[in-house]
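As structure tokens, the structure follows; a few thoughts come after it.
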Amino acid sequence: MEAASGDSKDGAATKPAWAGGLRVAVRAIVDYALPPRCPGCGAIVGEDRQFCLPCWTSLDFLDGPGCMYCSIPLPNALPAAPVACGACLAKPPPFEGAPAAVAYGPVARTVALRLKYGRRTGHARLMAQLMTRPLMRLGNTQEMLLIPIPLHRWRLWSRGFNQAALVADALTRATAVPHDHHLLLRVKSTASLRGKKRREREKEVSGAFALAAGAKARLAGRHVVLIDDVHASGATLRAAAKLLQRSGASRVSALTWARVVPDALMTSNIFDFASLDSDMSDQMMTGSPHGQG
Numbered sequence: 038m039e040a041a042s043g044d045s046k047d048g049a050a051t052k053p054a055w056a057g058g059l060r061v062a063v064r065a066i067v068d069y070a071l072p073p074r075c076p077g078c079g080a081i082v083g084e085d086r087q088f089c090l091p092c093w094t095s096l097d098f099l100d101g102p103g104c105m106y107c108s109i110p111l112p113n114a115l116p117a118a119p120v121a122c123g124a125c126l127a128k129p130p131p132f133e134g135a136p137a138a139v140a141y142g143p144v145a146r147t148v149a150l151r152l153k154y155g156r157r158t159g160h161a162r163l164m165a166q167l168m169t170r171p172l173m174r175l176g177n178t179q180e181m182l183l184i185p186i187p188l189h190r191w192r193l194w195s196r197g198f199n200q201a202a203l204v205a206d207a208l209t210r211a212t213a214v215p216h217d218h219h220l221l222l223r224v225k226s227t228a229s230l231r232g233k234k235r236r237e238r239e240k241e242v243s244g245a246f247a248l249a250a251g252a253k254a255r256l257a258g259r260h261v262v263l264i265d266d267v268h269a270s271g272a273t274l275r276a277a278a279k280l281l282q283r284s285g286a287s288r289v290s291a292l293t294w295a296r297v298v299p300d301a302l303m304t305s306n307i308f309d310f311a312s313l314d315s316d317m318s319d320q321m322m323t324g325s326p327h328g329q330g
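With this note's numbering as the guide, the letters of the sequence shown map in order to residues 38 to 330.
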């Protein structure tokens, strides 16, 4: 006797033959009403989390040679040779490697701001997808622990989520590298670092972070990778890295979606890296690189 429709021969339930067709039909209706759009400009594209061709080609992927400490691009360096930039030779940062997926430009900025202020939380998965390769270049993933840069509780309550934590979640799903959202705490509400000089930025973030109870035991022997959306002046990342470095982590690195790079190194970047920071003041993103949605 043949198995009834929807049941396999061994008695396990299977989906009826028409279920696949129904899913395709529903997807077609949804795509017609709410078609996938480019996260950079809003143009209609073929799949979710897919850039249109102009936005994709405008992205500067930072996969060339860079400083062994801060990972700022060094176009004239040999790809396999460890080399440091002048700033890191003068004063090495508290992290070993701080790669980013892309240079900070119009499209990268739009994606970050739409996640942060436009509540397009699906953009975190897009960021993580493109951050996976630079994460793998940081070393043995078995030793890594992802720690998102935390928000102060007042900013978290007002925004409703921490964009860095969403990116860390997505990276864990993509790579199986574990994350810990509660190990690092932000105990000081800092003002925007925009426009401040280096010494002023360092003073503003001094004492901004603390460790949760029992954090030192969880840090011991781990390669900590700090996760954030934008790396600009680096003051926030350095403050967090110093604390983790002093608290028992075997190594501290940083990984971001976008890195603000001086014009001399990335000619398509139009932003002043000294005027920005990952703690950009809360503002609603308006406009887009191609004048659409």
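Backbone N, C-alpha and C define an ideal beta-carbon position, used for all residues, glycine too.
Could you tell me which uninterrupted alpha helix (DSSP H) segments, each at least 4 residues in length, are contained entirely in the segment 84–161, listed from first to last along the chain?
Whole alpha helix (DSSP H) segments, 4+ residues: 90–95, 123–127, 143–153.
Are the Cβ atoms of Ala211 and Ala245 separated by less than 8 Å?
Contact flag unset, no.
Three-state secondary structure (DSSP) at Pro171?
If DSSP states are grouped into helix, strand and coil, Pro171 belongs with the helices.
Would you give the residue range spanned by the beta strand (DSSP E) that Arg223 belongs to?
Segment 221–223, the beta strand (DSSP E) holding Arg223.
Based on DSSP bridge pairs, tell me the residues matched to Met164.
Met164 is not bridged to any residue.
Pull the bridge partners of Pro299 from the DSSP assignment, please.
DSSP output for Pro299 lists no bridge partner at all.
Any chance the segment 178–192 sits against the segment 151–162, with 3 or more Cβ pairs inside 8 Å?
Because the criterion of three Cβ pairs below 8 Å is not met, the segment 178–192 and the segment 151–162 do not touch.
So, under 8 Å CB-CB, Leu221 and Ile184 are touching, yes? Tell me the CB distance rounded to an integer number of Å.
Going by Cβ atoms, the distance from Leu221 to Ile184 rounds to 5 Å, so yes, they are a contact pair.
Is the separation between the beta-carbon of Phe132 and that of Ala295 shorter than 8 Å?
No, they are not a contact pair.
Within the same chain, show all residues whose beta-carbon is closer than 8 Å to that of Asp217, passing over the 5 residues directly before and after it, in chain order.
Hits under 8 Å: Leu182, Leu183, Ile184, Arg255.
Tell me the DSSP secondary structure of Asp206 in three-state form.
Residue state, collapsed to three classes: helix.
Helix, strand or coil, according to DSSP, for Arg74 in the structure here?
Correct three-state label for Arg74: strand.
Under 8 Å by Cβ, that's how I've got Ala252 and Ser284 pegged, so tell me the actual separation to the nearest angstrom.
Sure, about 7 Å apart at Cβ, within 8 Å.
Please list, in chain order, all residues of the same chain as Pro73 whose beta carbon is under 6 Å from its beta carbon, the five residues on each side excluded.
These residues qualify, in order along the chain: Val82, Glu84, Asp85.
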